[in-house]
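Heads up, the thing below is written out as structure tokens.
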Amino acid sequence: MRPILLQGHERSITQIKYNREGDLLFSVAKDPVANAWYSVNGERLGTYNGHTGAVWCVDADWDTKNVLTGSADNSCRLWDCETGKQLALLETSSAVRTCGFDFSGNIIMFSTDKQMGYQCFLNYFDLRDPQQIEDNQPYLSVPCNESKITSAVWGPLGEFVIAGHENGEINQYSAKSGEILKAAKEHTKQINDIQTSVDLTMLISASKDCTAKMFDSTNLEHIKTFKTERPVNSAAISFSHVVMGGGQEAMEVTTTSTRIGKFEARFFHAAYEEEFGRVKGHFGPINCVAFHPDGKSYSSGGEDGYVRIHYFDPQYFDFELEA
Amino acid sequence: MQNTVNMAAESEFDEEEEPSFSDPEDFVADIDDEELLEDVLRERPLEADGIDLVVVVENVPQVGPELEFYIFSDKTINYDSVKNADGYKLDKQHTFRVNLFTDFDKYMNISDQWETPEKQPFKDFGNMRHWLEDPDCRDQYSVIYESGEQTAIFSNDPKEPILVEERACWTETYVRWSPKGTYLATFHQRGIALWGGEKFKQIQRFSHQGVSLIDFSPCERYVVTFSPLMDTKEDPQAIIIWDILTGQKKRGFHCESSAHWPIFKWSQDGKFFARMTQDTLSIYETPSMGLLDKKSLKISGIKDFSWSPGDNIITFWVPEDKDIPARVTLMQFPSRLEIRVRNLFNVVDCKLHWQRQGDYLCVKVDRTPRGTQGVVTNFEIFRMREKQVPVDVVEMKESIIAFAWEPNGSKFAVLHGESPRINASFYHVKSNGKIDLIKMFDKQQANSIFWSPQGQFMVLAGLRSMNGALAFVDTSDCTIMYIAEHYMASDVEWDPTGRYVVTSVSWWSHKVDNAYWLWTFQGRLLQKNNKDRFCQLLWRPCPPTLLSQEQIKAIKKDLKKYSKIFEQKDRLSQSKASKELVDKRRLMMEEYRRYKDSAIQLYNQQRELRLQLRGGVDTDELDSNVEDWEEETIEFFISEEIINLGDLE
Numbered sequence: 001m002r003p004i005l006l007q008g009h010e011r012s013i014t015q016i017k018y019n020r021e022g023d024l025l026f027s028v029a030k031d032p033v034a035n036a037w038y039s040v041n042g043e044r045l046g047t048y049n050g051h052t053g054a055v056w057c058v059d060a061d062w063d064t065k066n067v068l069t070g071s072a073d074n075s076c077r078l079w080d081c082e083t084g085k086q087l088a089l090l091e092t093s094s095a096v097r098t099c100g101f102d103f104s105g106n107i108i109m110f111s112t113d114k115q116m117g118y119q120c121f122l123n124y125f126d127l128r129d130p131q132q133i134e135d136n137q138p139y140l141s142v143p144c145n146e147s148k149i150t151s152a153v154w155g156p157l158g159e160f161v162i163a164g165h166e167n168g169e170i171n172q173y174s175a176k177s178g179e180i181l182k183a184a185k186e187h188t189k190q191i192n193d194i195q196t197s198v199d200l201t202m203l204i205s206a207s208k209d210c211t212a213k214m215f216d217s218t219n220l221e222h223i224k225t226f227k228t229e230r231p232v233n234s235a236a237i238s239f240s241h242v243v244m245g246g247g248q249e250a251m252e253v254t255t256t257s258t259r260i261g262k263f264e265a266r267f268f269h270a271a272y273e274e275e276f277g278r279v280k281g282h283f284g285p286i287n288c289v290a291f292h293p294d295g296k297s298y299s300s301g302g303e304d305g306y307v308r309i310h311y312f313d314p315q316y317f318d319f320e321l322e323a
Numbered sequence: 001m002q003n004t005v006n007m008a009a010e011s012e013f014d015e016e017e018e019p020s021f022s023d024p025e026d027f028v029a030d031i032d033d034e035e036l037l038e039d040v041l042r043e044r045p046l047e048a049d050g051i052d053l054v055v056v057v058e059n060v061p062q063v064g065p066e067l068e069f070y071i072f073s074d075k076t077i078n079y080d081s082v083k084n085a086d087g088y089k090l091d092k093q094h095t096f097r098v099n100l101f102t103d104f105d106k107y108m109n110i111s112d113q114w115e116t117p118e119k120q121p122f123k124d125f126g127n128m129r130h131w132l133e134d135p136d137c138r139d140q141y142s143v144i145y146e147s148g149e150q151t152a153i154f155s156n157d158p159k160e161p162i163l164v165e166e167r168a169c170w171t172e173t174y175v176r177w178s179p180k181g182t183y184l185a186t187f188h189q190r191g192i193a194l195w196g197g198e199k200f201k202q203i204q205r206f207s208h209q210g211v212s213l214i215d216f217s218p219c220e221r222y223v224v225t226f227s228p229l230m231d232t233k234e235d236p237q238a239i240i241i242w243d244i245l246t247g248q249k250k251r252g253f254h255c256e257s258s259a260h261w262p263i264f265k266w267s268q269d270g271k272f273f274a275r276m277t278q279d280t281l282s283i284y285e286t287p288s289m290g291l292l293d294k295k296s297l298k299i300s301g302i303k304d305f306s307w308s309p310g311d312n313i314i315t316f317w318v319p320e321d322k323d324i325p326a327r328v329t330l331m332q333f334p335s336r337l338e339i340r341v342r343n344l345f346n347v348v349d350c351k352l353h354w355q356r357q358g359d360y361l362c363v364k365v366d367r368t369p370r371g372t373q374g375v376v377t378n379f380e381i382f383r384m385r386e387k388q389v390p391v392d393v394v395e396m397k398e399s400i401i402a403f404a405w406e407p408n409g410s411k412f413a414v415l416h417g418e419s420p421r422i423n424a425s426f427y428h429v430k431s432n433g434k435i436d437l438i439k440m441f442d443k444q445q446a447n448s449i450f451w452s453p454q455g456q457f458m459v460l461a462g463l464r465s466m467n468g469a470l471a472f473v474d475t476s477d478c479t480i481m482y483i484a485e486h487y488m489a490s491d492v493e494w495d496p497t498g499r500y501v502v503t504s505v506s507w508w509s510h511k512v513d514n515a516y517w518l519w520t521f522q523g524r525l526l527q528k529n530n531k532d533r534f535c536q537l538l539w540r541p542c543p544p545t546l547l548s549q550e551q552i553k554a555i556k557k558d559l560k561k562y563s564k565i566f567e568q569k570d571r572l573s574q575s576k577a578s579k580e581l582v583d584k585r586r587l588m589m590e591e592y593r594r595y596k597d598s599a600i601q602l603y604n605q606q607r608e609l610r611l612q613l614r615g616g617v618d619t620d621e622l623d624s625n626v627e628d629w630e631e632e633t634i635e636f637f638i639s640e641e642i643i644n645l646g647d648l649e
């Protein structure tokens with residue numbers, strides 16, 4: 001595998017995401033700049049400037065027209081992907097932790113942190129109604145009283161949002177009423193990341209409890225578990241493979257920093273739940289992983305501020321576990 | 001003091017009849033009993049001073065008083081001989097009755113009312129050696145994890161560990177095995193407990209508030225506990241020696257500090273234990289727990305001592321004293337004969353290293369030669385099995401990091417130098433009087449040496465700050481069989497048979513990646529066992545082999561026959577494992593496919609909805625909209641080659 005190194009951030013990477021067609025890779029970090037890159041060669045398309053704090057999340061709509069980002073500067077911003085122009089600024093009372101476009105690209109959701117006396121909310125805006133943006137009034141705002149949302153994705157048809165919480169729970173929140181449609185209590189510690197398969201039928205959750213779990217998006221049935229010995233920061237799924245990135249508790253980083261370049265992304269066989277490979281290279285814990293929609297490459301963003309794009313060797317595709 | 005002698009008298013208890021203490025018929029006492037006894041009672045020896053054996057012999061055939069008091073100060077008299085003499089029939093009319101004087105004291109105080117001794121329920125702990133009967137010869141080990149909240153016993157199988165027993169809060173701090181593996185000791189605020197048998201039942205409990213350290217005698221008859229809490233001059237309780245089988249406290253000792261535990265060092269057969277205090281070496285004997293010869297040895301300046309693991313010999317050293325050079329002495333017990341003395345000059349420090357069988361003693365001597373500033377190290381090698389114990393010297397040019405004798409053999413390994421230039425040297429103590437340097441490996445990442453308990457194989461490890469570098473060495477030809485790494489490993493433990501090595505990262509030294517890994521003696525990694533907050537793994541020791549040398553020779557000769565059987569067994573179990581794995585995978589794949597099929601069904605049903613949501617644009621496949629695609633050719637700069645036109649001609 002020949003990795004392409006993207007150096008566009010000065011602080012640790014918080015999220016990376018491919019657009020639907022995979023030709024673009026978006027990256028955000030603890031610095032205020034959001035970047036868009038061509039995944040084929042790592043050339044930068046441009047930056048989205050405007051945030052004044054760490055950017056926690058990023059998403060692009062299905063047509064790659066708009067880009068959405070959420071930040072610790074208490075705002076969620078909408079951008080024109082091609083020009084980089086800021087189209088909307090939605091101010092919040094606390095940091096925006098996770099955000100995303102629904103399947104149609106018309107509805108956006110984002111969650112805010114439980115901070116400074118404000119509790120966690122899951123907000124829905126319909127982009128077809130400019131009044132909502134102008135008045136900064138979501139058509140639906142769902143409070144999460146118990147455990148704050150740490151990561152969330154849209155369901156397959158825009159009917160609900162699937163959110164992971166600090167206490168390890170995963171809930172489906174209706175996009176119409178805000179009520180919890182389905183719930184799963186499989187993880188024992190905080191959910192660090194949730195991602196869907198390309199066809200949105202499955203989701204994979206990465207947790208501090210050192211496992212990643214696969215669920216059916218529609219009924220939240222728990223299908224598979226992938227175990228490691230370190231907290232999992234991020235997991236992604238592509239066809240029959242799962243990639244996981246992790247590291248350790250942030251406070252432990254200093255004690256193992258003597259290990260140069262040894263933080264690894266791990267690959268598991270989705271059906272057998274067995275690890276079959278690892279890729280080293282990051283100089284610190286891996287915070288986010290993502291598969292290219294065609295499954296022929298993947299990317300990882302690290303605490304070291306680098307994003308690495310890896311194209312798989314032919315052997316990767318021939319690999320078969322004996323069965 | 002508890003005496004277990006006079007078995008004859010004790011057996012009389014069972015007959016439900018009060019033993020007869022009446023004088024023989026023709027006995028005439030010419031002294032008042034109480035007056036006489038009172039006298040001697042006052043002189044009754046105290047525990048701390050050792051014991052004069054006062055033996056009372058009755059029925060000595062002679063004219064005159066037939067009750068005789070014999071006071072033996074002969075050192076060779078012991079309890080066994082007293083016991084044996086009792087009941088000795090001189091002739092039809094006269095039977096020796098021999099009792100210890102102290103027993104009279106005991107009998108005097110027996111109440112007239114006969115009380116049937118309470119029958120202790122027989123505690124059946126089962127077969128205490130049960131673990132040795134495993135048909136696949138698996139050894140056991142204890143594991144402490146969840147930062148001490150869970151303790152488990154596993155049986156070591158190369159495929160994966162087999163759980164034998166697991167208990168929450170079995171111990172409050174850590175555990176220890178007894179030297180022959182019979183008992184597992186756990187620590188509690190109130191004392192320690194010993195567990196054993198097939199089901200690890202509690203065998204014995206010893207109450208010692210605040211106990212922090214323990215030590216077993218090699219024979220497993222005694223256990224020594226230390227607590228910093230309880231210690232008064234009147235009632236020394238810092239160190240207590242217990243009899244394991246009876247559970248009784250044998251003796252308490254005062255203790256200044258536990259810095260060099262164990263304070264009491266045991267002889268290899270458990271007959272003696274000794275400790276060193278200022279200018280003094282005190283040797284005690286068992287089972288009396290009294291000072292050997294009733295007095296300690298005065299050794300002015302004594303710095304360190306240790307018992308030979310093979311014989312009842314102590315080695316100790318004293319530093320230079322004005323004109324008298326430093327010296328190392330070998331002394332035999334109980335005779336106190338000095339079998340060897342070695343003078344050493346300009347000594348800074350000495351460390352004593354015995355070879356496992358006591359065949360050799362190495363004294364590492366740090367010296368500052370006259371006229372120089374620096375410190376050099378010599379190894380003084382004492383050949384214990386040769387007449388007059390000859391000593392050879394090996395000079396080392398660099399500072400020593402680690403030293404270790406080969407168990408069962410005559411080699412030793414040394415790590416010397418300074419990071420990053422650390423060297424590993426192997427020496428062979430030959431029977432022809434020479435000590436050869438067999439091999440030296442330079443630039444090693446190692447700070448510790450771990451020999452296999454059977455000898456020949458060893459692991460050089462760079463623990464902790466050296467990031468867990470491992471080298472597996474075969475010292476028969478001094479080759480490195482394998483180099484590996486267990487990142488941040490803090491401990492290395494060989495199993496008692498020398499077949500397996502465990503490397504581990506303990507939560508006590510590193511808070512992440514806590515696990516133990518199992519390797520073969522050749523360095524092949526077999527298992528990685530992650531355990532939440534893993535703390536400690538200890539192999540269960542084995543008692544010494546019951547086979548004679550001839551039997552061992554015979555087995556080695558027929559090894560081919562045995563190894564064939566074992567290999568067959570291994571192959572069967574491996575293919576079984578493969579088959580199990582393959583079956584498991586097949587099931588999982590089927591399950592997964594079934595799920596995927598139902599998910600795809602639903603997906604297909606939702607196609608219309610998807611098209612609607614995206615305004616009729618089909619995005620189900622990445623190439624669903626080929627018509628929308630634009631083909632664009634982009635050129636990338638790949639490489640540059642400069643050709644000098646002049647060269648072309």
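Chains as they are written, first to last, in full-length UniProt numbering: chain A, 1 to 323; chain B, 1 to 649. Built from N, CA and C at the ideal position, the CB exists for glycine as well. Predicted, not measured: the structure shown is a model, and the values here were computed from it.
Starting from residue i, follow the beta strand (DSSP E) in both directions and report where the run begins and ends.
i, result
"Leu200 (chain A)", "Run containing Leu200 (chain A): none; DSSP gives neither H nor E here."
"Met276 (chain B)", "272-277"
"Asn192 (chain A)", "191-196"
"Gln527 (chain B)", "525-530"
"Tyr427 (chain B)", "421-429"
"Arg266 (chain A)", "263-269"
"Asp436 (chain B)", "435-441"
Tell me, which residues are paired with residue i by DSSP?
i, result
"Ser111 (chain A)", "A:Thr98, A:Leu122"
"Val289 (chain A)", "A:Ser300"
"His254 (chain B)", "DSSP output for His254 (chain B) lists no bridge partner at all."
Cα-Cα, which of the options is closest to residue i?
i, options, result
"Val459 (chain B)", "B:Ile381, B:Val211, B:Ala424, B:Lys439", "B:Ala424"
"Tyr174 (chain B)", "B:Trp508, B:Thr286, B:Gln454, B:Trp242", "B:Trp508"
"His292 (chain A)", "A:Thr14, A:Leu6, A:Asn19", "A:Asn19"
"Arg190 (chain B)", "B:Ile438, B:Cys535, B:Ser207, B:Pro369", "B:Ser207"
"Phe521 (chain B)", "B:Lys298, B:Gly462, B:Gln454, B:Val414", "B:Gln454"
Would residue i pass as an interface residue toward chain B - the criterion being a Cβ-Cβ separation below 8 Å?
i, result
"residue 334 (chain A)", "As shown, chain A starts at 1 and ends at 323. That puts residue 334 (chain A) outside it, with no answer to give."
"Ser104 (chain A)", "yes"
"Glu21 (chain A)", "yes"
"Ala175 (chain A)", "no"
"Ala212 (chain A)", "no"
Under a CB-based cut-off of 8 Å, is residue i close to chain A?
i, result
"Arg464 (chain B)", "no"
"Glu47 (chain B)", "In this prediction, Glu47 (chain B) has a pLDDT of 44, which is less than 50 and means its spatial position is unreliable; what the coordinates show is noted afterwards. No, because no Cβ of chain A sits closer than 8 Å to the Cβ of Glu47 (chain B)."
"Thr619 (chain B)", "yes"
"Lys159 (chain B)", "no"
The ligand MN and residue i: does any heavy atom of the ligand fall closer than 7 Å to the residue's C-beta?
i, result
"His208 (chain B)", "For the structure depicted, the ligand MN is absent and the ligand set is empty, with no information on it obtainable."
Starting from residue i, trace the alpha helix (DSSP H) both ways and give me its first and last residue.
i, result
"Ile483 (chain B)", "Per DSSP, Ile483 (chain B) belongs to no alpha helix (DSSP H); it is in the beta strand (DSSP E), 479-485."
"Tyr316 (chain A)", "314-318"
"Asp135 (chain A)", "130-135"
Practice task
Just list the alpha helix (DSSP H) runs in the segment 548-589 of chain B, keeping only unbroken ones of 4 residues or longer that don't cross its boundaries, in chain order.
Solution key: 549-557
Problem - Minimum length 3: unbroken beta strand (DSSP E) runs contained in the segment 339-408 of chain B - result: The segment 339-408 of chain B contains these whole beta strand (DSSP E) runs: 347-354, 360-367, 376-383, 391-396, 400-405.
Practice task
Ignoring anything shorter than 3 residues or poking outside the UniProt repeat "WD" (6-47) of chain A, list the beta strand (DSSP E) runs there in chain order.
Solution key: 13-18, 24-29, 34-38
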